[in-house]
Structure formats: C-alpha cells, structure tokens
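Using our numbering, the first residue of the sequence shown is number 79, and each one after it goes up by one.
Virtual Cβ for every residue (Gly too), placed ideally from N, Cα, C.
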Amino acid sequence: MGDIDYQALEFAYHAHVRDTAPATHPVVIVGAGPVGLTTAIDLARQGVPVLVLDDDFRLSTGSRAICFAKRTLEIWDRLGIGQRMVDKGVSWNVGKVFFRDQEVWRFDLLPESGHRRPAFINLQQYYAEGYLHEQACAEPNIELRWKNRVTGIEPQDDHTLVTVETPDGPYTLAAQWVIACDGARSPVRKLLGQEAHGRIFKDRFLIADVKMSAPFPAERWFWFDPPFHPNQSVLLHMQPDNVWRIDFQLGWNADPVEAVKPENVLPRIRALLGADTEFELEWVSVYTFACERMDTFRHGRVLFAGDAAHRVSPFGARGANSGVQDAENLAWKLRLVLAGHAPEALLDTYATEREYAADENILNSSRSTDFITPKSEVSRTFRNAVLNLARDHAFARTLVNSGRLSLPATYRDSPLNTPDADAFAGTMAPGAVAADAPVAGGNGQPWWLGQLDTAFNVVLFGGAEAPSSELVQTLQRQTDRPVPVRAIVVAPAGATWTAPPGVLRVEDTEGLLARRYDAQPGTCYLIRPDQHIAARWRGHDAATLDAALDQALARATCTH
Numbered sequence: 079m080g081d082i083d084y085q086a087l088e089f090a091y092h093a094h095v096r097d098t099a100p101a102t103h104p105v106v107i108v109g110a111g112p113v114g115l116t117t118a119i120d121l122a123r124q125g126v127p128v129l130v131l132d133d134d135f136r137l138s139t140g141s142r143a144i145c146f147a148k149r150t151l152e153i154w155d156r157l158g159i160g161q162r163m164v165d166k167g168v169s170w171n172v173g174k175v176f177f178r179d180q181e182v183w184r185f186d187l188l189p190e191s192g193h194r195r196p197a198f199i200n201l202q203q204y205y206a207e208g209y210l211h212e213q214a215c216a217e218p219n220i221e222l223r224w225k226n227r228v229t230g231i232e233p234q235d236d237h238t239l240v241t242v243e244t245p246d247g248p249y250t251l252a253a254q255w256v257i258a259c260d261g262a263r264s265p266v267r268k269l270l271g272q273e274a275h276g277r278i279f280k281d282r283f284l285i286a287d288v289k290m291s292a293p294f295p296a297e298r299w300f301w302f303d304p305p306f307h308p309n310q311s312v313l314l315h316m317q318p319d320n321v322w323r324i325d326f327q328l329g330w331n332a333d334p335v336e337a338v339k340p341e342n343v344l345p346r347i348r349a350l351l352g353a354d355t356e357f358e359l360e361w362v363s364v365y366t367f368a369c370e371r372m373d374t375f376r377h378g379r380v381l382f383a384g385d386a387a388h389r390v391s392p393f394g395a396r397g398a399n400s401g402v403q404d405a406e407n408l409a410w411k412l413r414l415v416l417a418g419h420a421p422e423a424l425l426d427t428y429a430t431e432r433e434y435a436a437d438e439n440i441l442n443s444s445r446s447t448d449f450i451t452p453k454s455e456v457s458r459t460f461r462n463a464v465l466n467l468a469r470d471h472a473f474a475r476t477l478v479n480s481g482r483l484s485l486p487a488t489y490r491d492s493p494l495n496t497p498d499a500d501a502f503a504g505t506m507a508p509g510a511v512a513a514d515a516p517v518a519g520g521n522g523q524p525w526w527l528g529q530l531d532t533a534f535n536v537v538l539f540g541g542a543e544a545p546s547s548e549l550v551q552t553l554q555r556q557t558d559r560p561v562p563v564r565a566i567v568v569a570p571a572g573a574t575w576t577a578p579p580g581v582l583r584v585e586d587t588e589g590l591l592a593r594r595y596d597a598q599p600g601t602c603y604l605i606r607p608d609q610h611i612a613a614r615w616r617g618h619d620a621a622t623l624d625a626a627l628d629q630a631l632a633r634a635t636c637t638h
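1) Would you please state the rounded distance, in angstroms, between the beta carbons of G541 and T557? I believe it to be under 8 Å.
2) Cα separation between L251 and V106?
3) Return the first residue and the last residue of the beta strand (DSSP E) that C145 is part of.
4) Under three-state DSSP, which class holds R156?
5) Just how far apart, CA to CA, sit A86 and R136?
6) Between G509 and T488, is the Cβ-Cβ spacing less than 8 Å?
7) Helix, strand or coil: how does DSSP classify G519 here?
8) Between the stretch 392 to 411 and the stretch 470 to 486, are three or more C-beta pairs nearer than 8 Å?
9) Using only alpha-carbon positions, find the residue among A429, L129, K166 and L441 that is nearest to I220.
10) Quick one: what's Y603 bridged to in DSSP?
11) Using 10 angstroms around the beta-carbon of L157, count the other beta-carbons present and answer buried if the total reaches 16, otherwise exposed.
12) Do V172 and the ligand GTP come close, with the Cβ less than 7 Å from some heavy atom?
13) Which class does Y51 belong to by DSSP, given the choice of helix, strand or coil?
14) In the structure shown, what three-state DSSP assignment does I23 receive?
15) Is it true that the stretch 325 to 339 meets the stretch 252 to 260, where meeting means three or more beta-carbon pairs spaced less than 8 Å apart?
16) Hey, I655 and L582: beta-carbon distance below 8 Å or not?
17) Would you list, in sequence order, the uninterrupted beta strand (DSSP E) runs of no fewer than 3 residues that lie entirely inside the stretch 181 to 256?
18) Beta-carbon within less than 7 Å of E273's beta-carbon, same chain only, minus the 5 sequence neighbours each way: which residues are those?
19) Spatial neighbours of V113 within its chain, please: C-beta separation below 7 Å, excluding the five flanking residues on both sides.
20) Taking the alpha carbon of H610 as the reference point, which residue from L538, R555, L527 and A621 has its own alpha carbon closest?
21) Just checking: is the beta-carbon of T557 within a distance shorter than 8 Å of some beta-carbon in chain D?
22) Confirm, please, whether the CB-CB distance from D281 to R323 is below 8 Å.
23) Using a 10 Å radius around the Cβ and a threshold of 16 neighbouring Cβ atoms, would you call F539 buried or exposed?
24) Please report the distance separating the alpha-carbon of S138 from that of R194.
25) In the DSSP assignment, the beta strand (DSSP E) including F300 goes from what residue to what residue?
26) Could you tell me which uninterrupted alpha helix (DSSP H) segments, each at least 4 residues in length, are contained entirely in the stretch 468 to 509, listed from first to last along the chain?
27) Return the chain-ordered list of same chain residues with a C-beta closer than 6 Å to the C-beta of F185, the five sequence neighbours on each side being excluded.
28) Mapping DSSP to helix, strand and coil, what is D287?
29) Since I believe T366 is in contact with F279 (beta carbons under 8 Å), could you give me their beta-carbon distance rounded to a whole number of angstroms?
30) Measuring straight from C-alpha to C-alpha, what distance separates A387 and T574?
31) I'd like the list of long-range same chain contacts for E88, defined as Cβ closer than 8 Å, with 5 residues on each side in sequence excluded.
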C-alpha cells in the first residue's frame, strides 16, 4: 500500500438496488473526508451500520490539512489506524519563532516522557484520507457510495428523508440520523436553511508544497517580518516524501490568480531557500480564512460535524483536529441512543460540548490571526515589541502567538460531569480528556489509553495490598448494566495481588498513571467512552457510581 499514489486514486460509482419504498438506514453520513470517515469507522466498530455518501470520487487535492495532534492520533489509535498515520507522518514536538533574522523563542509541546504519541505529526491530508478510506472499506458495517450528491433533506418525526442525485438519476432513502460532514460550504446546511456566523479575515496566504532535500530539522519554524519576505510572515513545516509546506502571507490586496503563477511563486521560494537550492513545486494554492460556526450543531435528527459545523483560520492546526474530536464525541452518544440505552438528550450534549470546543478554538485562532496579521500600526508596534522582548524575557514569550496549537477541549461545565466532592490536584478534572501513561497487563496494550475501550470504564486504584472486596464488588456490580461498563483495577509496580473475575488488572509500571491522576489507594474514576473524565472520588459506593453513570448518560437531566 505504501506505493499507492493517493492523489491519482479514483473510486468507482456503483449503482445500487432501488426499493419501491425508501430504504431506512440507522445512520447516513454525508461527506467522506477525514471527519466523515472517522465518524463512520467509530460507529461501525461499535456495531452501528453506516451509509456514507459523497458527491466526489477522489481524495482531497493537495496536502491541505497536514498537522494532526496527539489527541487525534489517540482517537485514531482506538480505531486501529493511528500507528499507520505515525509511521508515515513526520513526528515533531519543537517549534521555533523568528523575528526578522533572529530566533526569539523555542518551545517544546511535549517536554515530558511517558506518552505514546508525539505532540503532532505532519501528514498530507490525502494520506490521512486514503488510510481512513482503506480502514472504512475493511469494516463490514460501512457502505460507501461515491458520486452520490445529497440534494434534498426532509425532516420527519422519527427519521429524515434524503434525496440523492447519482449518474443513474435520483433516489430517496430514509435515515434515522443524518450526520453532515460535508465541509465548510455544507450543502446539507444550506438545504436546512442554516448558516454559519463569524468573522472573515481580510488577508491572503499562499501555500506552496515544495519537494526537495533540505537540512532543516522536523520542527515548526515561523518567521515574523523575515528579510526574505519583508513585513509579512512565513511558516515552514516538513512533510513526508521530502515535501515541505511553506505558507507565505500575501496581504489582502494580493491577486489570488496572479499569486499562484510560477513566475510569482518561485522567486518567493528561492528567497527563502537560496538561489542554488534545487526544488520542485508540487502544489500551490491561495487561501483566505474565517472563524465561524453554526448557532447549534444539532437540528432534530440532523447533526453537523467538522467544517460543516465550524471553521477556523489554519493557525494552530485546529480545523481537522477539532473535527475528529467532534466525531469521537458524537459516535458513542449516537450508538447508545440507537440502542435505547440513553435518551436523545445525550445528543444535545454533543451539540453543547462541541459548540463550547468550537468557541474555544475560534477564540484562540482569532487571537493568533490578529497577532500574525496586525490590522493597525499600534497593533504592529505592540507585536514587534513583544517579539523583541521575547529573546531575553520569559514573560514576553507567553505573549508571542504564532498559532496557539490545538489541544483537546476540557468540558468543564458539561451537564454530563459529576462535580468533585473531594480535593484533587492536577488536570484530570471532570470534563478533561484522560492522560496516557505506560502500563502493563490488562488486555496486553502497553499504554493506558489502549486499555480503555468504547465502554464506560470504572477505574479503581489499588495499593500494595489488594482493594477491599467491598470496593471491588461495587465495581463488579456496574458491569451488570445494559450499558457497557468495564471494571479496571490499577496496581502499583511490584504489587502481587490478582484481580477478581470480571475485573481487568493493569499495572502502573512507572507510577506515572497514579501521578497524573493524583491517585492514592481507593481513588476511583469514571471515564466516558470517548476517554473524557466523567467523575472521580477518593472513596465511592454503589449509589455514588449509579448516580454518576446516570449523569453521564444524560438521564439525570432528561425531561422526556
């Protein structure tokens, strides 16, 4: 598979058998990009049949989204595709910021050890889509239909009628749930009469993918006002296959048609690389950007994810990464609603949690854009003063903003959380994504997140002595629920006790798990299927766990 030219792939259209009455599908996903395919794989691996419709028959053109964050890789690990992404991608943790001709700041996004994945990999979007497509084709619960363009959406009480145009003419199907992952221009959004609202930035950037052999390290380099591109900014990233991404700020008055002509692109690249550097121009594009989102991501039985729901400027790698996190948040909730284990109110929390995450991304992306492209002389003077001070003063480095890089959202105020009743240190509060750490035992995975499947996980930390039978029985009781719940006990390194039947035993080989979760013997965590913390206690009983699980399933707040 490594020799496949993913840019040349074309997927065949296949006519399907048409029923006299519209066929009903549990889930129809519109759009086979990274977000749509991730959602489809996640649902399929949880036993939900999925139909994916896409109006095209190719993967994305050009490298497009290239920076995939640690959290995205962890999600793809759970879907069986993370290692392949990492093997092909360029891993990096370090970034450097330059002002004119001097380095002013160097930062490490993952300064501590004990994590399976790097802070980021760089990987062309067509590889990511290609690998996801191949994974989707291996899932028996996924049907992919290319050259199937959605032209009508008719909401009904308990389903949605979807009209689809194909080379053989139109047909209609019924979907219990529709997930729109059809991009920033989202035809589904328009069919429902919905809009995205926000801010359009008056600036243009040139993307150039350059193939060359270069001595630059696998780091993110960002220049403000460099000598080779005065009064503007430039970003350099390494990609696989000796391809380098270069972003040149052009300004709002640049002509996008003229800017992509070779006679205008090549001098910019030579100014950066030097006149003697040999390179080949692989792809070039000009983009403007916006920070905007829909007012709400759920409209009855139609849910929006990825760029269809929200989009941000590219600084900080927040677009594709937030879309994959949309998929992770939605899949487990929709699976439980379809199975009758949770009320539809659980899907309302998809909207509220991911709307919060979108607002956080938009805020950070807007601030980055304003720092990178100041709109007044006062703003430019402030920015340049910050950059000058950053060389020697730590306080100024916190103000440097070349793109606050993507981090997973912590759903602090989610209605699914059970607030802390006990004192804890650290970041593993309700709503936070679970931290990884090296472990042993359990299901054989050497990393903590690999021990967590798509069930709720009730985790009890033990000590040198085995946890009391009363605490363990409380854990075991949870696994008898219709809702999938797994019980895990965590033993410190060297502990000799065994786990009782039905309970997974995991060894905290380096003590990092207990440290990151501020755990002591008897500490208990409830972790959601999307690996976010739902609740934690220093001590627990059956009633406490029951209430927390009901809360995490939106049963406690359900009014239906």
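The structure says:
1) About 23 Å; that fails the 8 Å criterion.
2) 9 Å
3) C145 to A147
4) helix
5) 8 Å
6) yes
7) strand
8) yes
9) L129
10) V537 and R614
11) buried
12) Judged by which ligands are present, the structure shown has none, so any question about the ligand GTP falls away.
13) Coverage of the chain is limited to positions 79 through 638, which leaves residue 51 absent and any answer about it impossible.
14) Since the first residue shown for the chain is 79 and the last is 638, residue 23 is missing from the structure and cannot be characterised.
15) no
16) Nothing about residue 655 can be reported from this structure: the residues present for the chain run from 79 to 638 only.
17) 198 to 200, 220 to 224, 227 to 233 and 238 to 244
18) none
19) C259, A383, G384, G401, V402, D404 and A405
20) L527
21) Here chain D cannot be found, since the structure has a single protein chain.
22) no
23) buried
24) 29 Å
25) R298 to F302
26) 472 to 475
27) G173
28) strand
29) 7 Å
30) 50 Å
31) F135 and R136
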